[in-house]
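Accompanying notes for the structure given below.
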Amino acid sequence: MPDRPDSIIFHIGVHKTATSHLQRCLQRARDPLAAAGVAYRGPADLRLPGQSLPARFGFGKHTQKGIAPVQALAAMAEGAQRLVLSEENFIGPLLRRPRDAETPRYADAGARLAQLAAALGQEVDVCMAIRHPLGFLTAAYSQSLIAGQIMPPQRFQRLNSASAVRWVDLADAVRQAAGVRSVTLWRYEDYQPLFPQIMTALVGPAASHVAYVDRYIHRGLSEAAVAAVLHRNKADGLNLTGQAARELHPVSDQHPAFSGYDADALAMADQGYAATCDRIAAMQGITFLRPGA
Numbered sequence: 001m002p003d004r005p006d007s008i009i010f011h012i013g014v015h016k017t018a019t020s021h022l023q024r025c026l027q028r029a030r031d032p033l034a035a036a037g038v039a040y041r042g043p044a045d046l047r048l049p050g051q052s053l054p055a056r057f058g059f060g061k062h063t064q065k066g067i068a069p070v071q072a073l074a075a076m077a078e079g080a081q082r083l084v085l086s087e088e089n090f091i092g093p094l095l096r097r098p099r100d101a102e103t104p105r106y107a108d109a110g111a112r113l114a115q116l117a118a119a120l121g122q123e124v125d126v127c128m129a130i131r132h133p134l135g136f137l138t139a140a141y142s143q144s145l146i147a148g149q150i151m152p153p154q155r156f157q158r159l160n161s162a163s164a165v166r167w168v169d170l171a172d173a174v175r176q177a178a179g180v181r182s183v184t185l186w187r188y189e190d191y192q193p194l195f196p197q198i199m200t201a202l203v204g205p206a207a208s209h210v211a212y213v214d215r216y217i218h219r220g221l222s223e224a225a226v227a228a229v230l231h232r233n234k235a236d237g238l239n240l241t242g243q244a245a246r247e248l249h250p251v252s253d254q255h256p257a258f259s260g261y262d263a264d265a266l267a268m269a270d271q272g273y274a275a276t277c278d279r280i281a282a283m284q285g286i287t288f289l290r291p292g293a
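First residue of the sequence shown? That's 1 in my numbering, and the numbers climb one at a time after it.
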């Protein structure tokens with residue numbers, strides 16, 4: 001059994017860009033992928049105590065004792081030529097502390113990737129998605145309610161400024177990180193039509209083994225669900241969790257998805273997002289997947 005795979009592909013997210021859907025599709029295809037020489041390791045493997053990437057490869061707070069990085073890599077790859085990792089929490093959390101309000105999102109992503117590549121002793125190919133900044137923040141707000149962090153949307157927006165969502169800076173930091181060989185990037189909004197190309201970037205010729213799961217995995221909240229959470233949590237003894245509200249008022253024709261921004265803010269952000277995508281697509285070392293390209 002070889003000590004290391006020929007290639008390591010790391011899908012780093014980001015959060016709320018259909019990451020859970022992508023992981024579910026890969027997990028369901030795990031056996032045929034393994035037969036084709038591709039080892040997939042996702043959250044089920046990388047979030048157990050002592051099993052995170054920093055712990056496995058010797059640069060975390062809870063590092064595995066007595067296991068050299070080369071041994072950890074061999075154990076993960078299990079003889080496969082291609083090792084595919086997917087763990088969006090590696091580059092930073094989705095929900096942040098109030099004192100982090102103005103810190104750019106995923107500010108340490110490049111440094112963390114360089115640290116991992118150094119520990120692996122091997123270059124890494126990175127795959128990632130970005131999302132319309134206000135759509136990203138709206139989804140993050142829904143997640144905060146589901147996680148029990150109840151606050152009005154206005155307060156969440158003050159603590160999670162759109163100015164801190166700097167996809168150009170993130171893409172640039174990732175592509176320039178030591179040990180990152182290539183970056184493949186796409187827009188969340190193009191995820192479904194690009195699914196075959198995304199899978200090819202991740203698992204190579206074995207992409208035909210990965211089927212698209214035609215359903216949402218972690219859908220956000222509807223306007224009615226958000227209103228229910230905020231209203232019920234004002235009254236003693238009537239607390240309603242975000243999860244329960246999502247089940248009571250799922251997004252549908254009758255219950256449109258929640259949006260915390262008005263039409264003017266969305267239109268202005270649309271222009272900025274288009275310019276962001278063009279700037280990233282022009283960066284050397286980044287393959288920007290687009291429908292029809």
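Ideal Cβ placement from N, Cα and C applies to all residues, glycine included. None of these values were measured; they are calculated from a predicted model.
Relative to the Cα of L95, the nearest Cα in the group G285, R82 and F136 belongs to F136. Pairing A129 with R82, the inter-Cα distance amounts to about 21 angstroms. Per DSSP, T200 has no beta bridge partner at all. Within its own chain, the residues whose Cβ lies closer than 7 angstroms to the Cβ of L33, once the five positions on either side in sequence are excluded, are Y40, V203, A206 and H209, listed in chain order. Unbroken alpha helix (DSSP H) runs of no fewer than 4 residues, entirely contained in the stretch 79-128, are found at 109-120, following chain order. Under the three-state reduction of DSSP output, L46 falls in the helix class. For P152, the number of other beta carbons within 10 angstroms of its own is below 16, and it is reported as exposed. By the criterion of a C-beta distance shorter than 6 angstroms, T276 is surrounded in its chain by W167 and V168, once the five residues flanking it on both sides are discounted.
Less than 8 angstroms divides the Cβ of V180 from the Cβ of L113. By the Cβ test, the stretch 269-289 is in contact with the stretch 193-202, since at least three Cβ pairs between them sit closer than 8 angstroms.
With three or more CB-CB distances shorter than 8 angstroms, the stretch 100-111 counts as touching the stretch 170-189. A140 has its alpha-carbon roughly 19 angstroms from the corresponding atom of S86. Nearest neighbour of I91 by Cα position, chosen from R97, R105 and A269, turns out to be R105.
Residue burial is scored here from C-beta neighbours: G50 has fewer than 16 other C-beta atoms within 10 angstroms and is therefore classed as exposed. Collapsing the DSSP output to three states places Y216 in coil. A distance below 6 angstroms between beta-carbons, with the five flanking residues on each side excluded, links S163 to no residue of its chain.
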